[in-house]
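K.L.:
Chains as they are written, first to last, in this note's numbering: chain V, 813 to 1253; chain Y, 106 to 387; chain C, 35 to 334.
In this text, a Cβ means the ideal position worked out from N, Cα and C, and glycines have one as well.
This one's a predicted model, so the numbers in the text were calculated from it and none came from an experiment.
Can you keep this structure in mind? I'll have questions shortly.
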């Protein structure tokens, strides 16, 4: 028995020590975090990272940190001084790290790759006071993805203003088996509390020119446009009531995209991921899908919702290591590599380099959609896309909006008839102001 | 006549009782069975409305695709390592503490007993923020040791309390007789009392393993990177992800739950004894 | 007793004490560092403006509390917590007692049935959450489809998208996972009731219902009170299920204080504010904890 106790004790110690000793440190090893979790994307990243690591003779460790818990993980890493050397993340993640003073300026890297090759708007969103804090990888853009076949069947034209959009959506509501229930809804308005509600709402807000921060002055702006914001919300909720499945108040991306791909909704707001999904889950549907830009209320569209991914480098490591990280990132920007990364999620991600875009366009995976690609790239070129909270450049507000659910709570409340749009907008405004206070902007 | 009437009444009440029991079994089985059945359905059947009850073309594709992913294998390994460490620490130090608190009299004992019970009552949500900071401050946030510490705060007070109820059942006369025979205190512990308590110690350990395997809140906060994720955290990310793969989720849910149910059925007899012997007095 | 024997006995007692203290020391140390200290640390944090975005924290006294009590959302979530707790606790105690009465009878396979009915006790919350989301999915969920057929909810609607429906669904699932504990404790209490009491009652011509009301229930009073207190503590602070099933939605209708704490600390990074909420929740439950500890610990 004594032996047994001794054994058990020893085992406990070893196990615990083993677990403790898990974290290691190595000067020649780069730790790279990415928020991408889709297999097709992480596979390409891992492959490219391995290639570059081999070329440079360094060790790397790629860590995937899901977007959902990125902020918690970053905060923990920060607290224990354990932040990654390179991070591949959104504007929100970049802004968080920038605010903490954890990342290095990247203008030297951008110049080394060739500043002129970058699409300008990609750089804008990572820049504060003329300093770029990350290297843009690719960006995405929200448009309305729709069923071309159903539009043709009903003799509908592409809507050019809100009234036409709503009319088209209602016309597309179909009860195909005659049981009194709608089987195909016209337009899905997904409003899951995490991300979706805010992203749907911002797509409508941006087309109407309502911004969180004034793009020109950088001043907080939402509070000055509450009337307009309430009007936009009224329209969105009206659209939901007339043409969106009732439970779409809880829909996240997967429900939204599945609905279009499986044929139970005729239009959705999406970043083109429906194409990839249709290609794997319902290939027959691919040729029926097309996209158009969400129109403005009177046809005078201002901007749209978008976002992207960036490579940022830590400022916490030794100088040699920072230089190593920067060299590593530079090597990831050959036109082929950049195009390959964007193509790991075709039609969803668009590369930041003109040279990569040429390769991208001609790839068989997206060659089917030349018009769609041109119209989306046009938005990138003309500087008319923003991420919420980033209208005036890199800001911590984007991560505050992403990590919270107050947009969802307020918007769902209107959809469920628990409050008016005015009340919801007031609440959103008050919460945005709390966040302003938190981030000290 | 009267007797026949009584007989039918009894018959009916017996039937009603059987029905109630059947209903209870159905109530417990339905969610678990439905998950297991769903995990065996191919995509076409999974998203069919109305759904098929039993899979027409059962398939293991979801299990294959779940376990072909090394990250999922890592979730299982992490959960196992954490639960194992939690169990061992609970068993060793829980047993020592419970023995001390039941078989000795000393100043401060009472306060410690009350402390253990109070610790048992403190819900993890209260500990979440400070533990997160303390563990990060100790530099443990990048290792599973931090998660183990979190799980110990949930399991340890309960284990001590449960073990105390097992030790209390061993009559003190045995200890005294051994002491009179010249055995040392340590000998009376590991040669006399401990062997009598083995089933209780083992079931407490397994229960701690189960609690740790199931723990979500503290794990989700204390896990700081993907390679450290435990099953519950990994699975929770799957269901709250913006893109949900139901087949894989059902397969993982089933694979997570089966070992727990098996382990629990092994110890449930002792668990019932411990719980009803006043571990948590009612 | 001779002086020598006395000193021997004393020496022995000292040694005994030493062993007892060595045995209990690791436990005490652990609980002090990782349970008791965090509780006080939490209270301390609630008086600061600690924030995951800032490296420096300063003392702000009652600012967090003032802000909390003037936040209308706090009162809304506190009300949700109350609804969630009251119905969950009543539900699990009632179901637990009902099942305890069923399994307390002598029958074939009784032990097996009891073991089977204990299973929900160890089902991981994450499993339960994923099944709930699956069966309540508006498009493919079997329970949703049945409810749609029965006309309880609209076509392609889900309980989880309706404020009252989501809360009701969560409470039902929570009752499912938490009845085994009361069941077990009630069953133990029922077993300890002297059968002669029932015999006497029957002699007086009392029916089953009367026996239950006048003999069983009064004897279960103490058990019920202790269970009630313990389950209130656990339910009011229970986070996992709501977090994973609705995350507090739709429209905040299932948002309760634990979710609010999580949101404030890891959603908007306001550690100090989040600590203040958890201190308030803790204070509300403090009396429950003291009551329970007194009731259970003092007669040790």
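#1: Give the residues of chain Y in contact with residue 232/C, contact being defined as C-beta atoms less than 7 Å apart.
#2: Using 8 Å as the cut-off, can you tell me whether the region 243-260 of chain Y makes contact with the region 325-338 of chain Y, which would need three or more C-beta pairs spanning the two stretches below that distance?
#3: Quick one: give me the first and last residue of the beta strand (DSSP E) that residue 1119/V is part of.
#4: Between which two residues does the beta strand (DSSP E) holding residue 873/V run?
#5: Whole angstroms are fine: how far does the CA of residue 1059/V sit from the CA of residue 131/C?
#6: Give the residues from the region 251-285 of chain C that approach chain V closer than 9 Å (Cβ to any Cβ), ordered along the chain.
#7: Check residue 213/C in the structure and name its three-state DSSP category.
#8: Going by the C-beta, is residue 923/V closer than 8 Å to any heavy atom of the ligand NAD?
#9: Please work out which residues of its chain come closer than 8 Å, Cβ to Cβ, to residue 1160/V, disregarding the five sequence neighbours upstream and downstream, and give them in chain order.
#10: Would a check of beta-carbon distances place residue 1084/V closer than 9 Å to chain Y?
#11: Would you check if the distance between the CB atom of residue 1018/V and the CB atom of residue 1114/V is smaller than 9 Å?
#12: I need the boundaries of the alpha helix (DSSP H) containing residue 1083/V, first residue and last residue.
#13: Of the residues 117/C, 115/C and 283/C, which one's Cα is nearest the Cα of residue 192/C?
#14: Please identify, using Cβ separations under 8 Å, the residues of the region 982-998 of chain V that lie next to chain C, in order along the chain.
#15: Classify residue 52/C as helix, strand or coil using the three-state DSSP reduction.
#16: Using the C-alpha atoms, what's the distance from residue 160/C back to residue 1024/V?
#17: Quick one: what's got a C-beta closer than 6 Å to residue 1057/V's C-beta in the same chain, skipping five residues either side?
#18: Could you check how far apart the C-beta atoms of residue 906/V and residue 1136/V are, in whole angstroms? I think they sit under 8 Å.
#19: Which residue comes first and which comes last in the beta strand (DSSP E) that contains residue 955/V?
#20: Taking the alpha carbon of residue 270/C as the point to measure from, which residue in 208/Y, 267/Y, 257/Y and 231/Y has its own alpha carbon closest?
#21: Suppose the cutoff is 6 Å on Cβ atoms and the five residues either side in sequence are ignored; what does the same chain contact list for residue 1046/V look like?
#22: Note down, in chain order, all residues in the region 307-331 of chain Y with a beta-carbon under 9 Å from any beta-carbon belonging to chain V.
#23: Examine chain V for any beta-carbon lying closer than 9 Å to the beta-carbon of residue 237/Y, and answer yes or no.
#24: What separation, rounded to the nearest whole angstrom, lies between the Cα atoms of residue 835/V and residue 251/Y?
#25: Please state whether DSSP places residue 842/V in a helix, a strand or coil.
#26: Can you tell me whether DSSP reads residue 930/V as helix, strand or coil?
#27: When we look at the beta-carbon of residue 90/Y and count the other beta-carbons within 10 Å, is it buried (16 or more) or exposed?
#28: Which word fits residue 150/Y, buried or exposed, when buried means at least 16 other C-beta atoms lie within 10 angstroms of its C-beta?
#29: For residue 943/V, which three-state DSSP category applies?
#30: Figure out for me which residue from 851/V, 1230/V and 904/V has the closest Cα to the Cα of residue 197/C.
#31: Whose CA, out of 1052/V, 1125/V and 1154/V, lies closest to the CA of residue 944/V?
#32: Does the beta-carbon of residue 285/Y have 16 or more other beta-carbons within 10 angstroms, so that it is buried, or is it exposed?
#33: Quick check on the burial criterion: 16 or more other C-beta atoms within 10 angstroms. Buried or exposed for residue 833/V?
#34: What's the gap between the Cα of residue 1155/V and the Cα of residue 859/V?
#35: Kindly list the residues whose CB is nearer than 6 Å to the CB of residue 265/C, restricted to its own chain and excluding five residues on each side of it in sequence; keep chain order.
#36: Give the interface partners of residue 887/V over in chain C, defined as CB-CB distance under 9 Å, in chain order.
P.N.:
Working from what's here:
#1: None at all; the shortest Cβ gap to chain Y is about 16 Å.
#2: yes
#3: 1116-1125
#4: 871-876
#5: 36 Å
#6: 280, 281, 282, 283, 284 and 285
#7: coil
#8: This structure lacks the ligand NAD; in fact it carries no ligand of any kind.
#9: 952, 1083, 1084, 1085, 1087 and 1088
#10: no
#11: yes
#12: Careful: residue 1083/V lies outside any alpha helix (DSSP H) and carries neither H nor E.
#13: 283/C
#14: 993 and 994
#15: helix
#16: 36 Å
#17: 997
#18: 20 Å between Cβ atoms; not a contact.
#19: 955-959
#20: 231/Y
#21: 1233
#22: 325, 326, 327, 328, 329, 330 and 331
#23: yes
#24: With a pLDDT of 46 at residue 835/V, under the threshold of 50, the modelled position of this residue cannot be trusted, and the question is left open.
#25: strand
#26: strand
#27: The structure shown does not extend to residue 90/Y, since chain Y is modelled only from 106 to 387, so the question has no answer here.
#28: buried
#29: strand
#30: 1230/V
#31: 1125/V
#32: exposed
#33: Legend: pLDDT at residue 833/V = 45, less than 50; position of this residue unreliable, no value from coordinates given.
#34: 14 Å
#35: 123
#36: 86, 87, 300 and 303
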